[in-house]
Amino acid sequence: MEIWPNGVQPDRKRASAFPAKNGHFRLSVQDVGLIQGFPESWEFAGAVYQMLGQIGNSVSPPVAYQVALSVINVLKKA
25 MEIWPNGVQP DRKRASAFPA KNGHFRLSVQ DVGLIQGFPE SWEFAGAVYQ
75 MLGQIGNSVS PPVAYQVALS VINVLKKA
């Protein structure tokens with residue numbers, strides 16, 4: 025399976041509505057968020073390009089969590 029390179033759909037229903045002839049999988053905004061580390065319940069707002077901007081410009085939630093834990097540990101030692 026490969027990822028379809030020509031755009032992301034707003035939701036999984038639309039992403040799977042028109043399968044690509046070459047077998048590529050079309051991603052939804054939710055799929056892109058999951059790849060970046062957002063929980064499945066996270067809601068993005070705006071047009072597709074705006075939601076992708078929110079995801080792409082963010083710090084991955086698992087990375088942000090680890091940074092926060094490190095900051096807490098440093099502050100506890102101070």
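To convert a position in the sequence shown, counted from 1, into our numbering, add 24.
Backbone N, C-alpha and C fix where the C-beta goes; we use that ideal spot for every residue, glycine too.
- The DSSP-derived three-state label of residue 84 is coil.
- According to DSSP, residue pairing for residue 74 in a beta bridge does not occur.
- Look at the beta carbons and you see the region 54-66 touching the region 75-89: at least three pairs across the two are nearer than 8 Å.
- When only Cα atoms are considered, residue 82 and residue 44 end up about 29 Å apart.
- Annotation for residue 73: no residue places its beta carbon closer than 8 Å to its own, counting only its chain and skipping 5 residues before and after.
- Residue burial is scored here from C-beta neighbours: residue 102 has fewer than 16 other C-beta atoms within 10 angstroms and is therefore classed as exposed.
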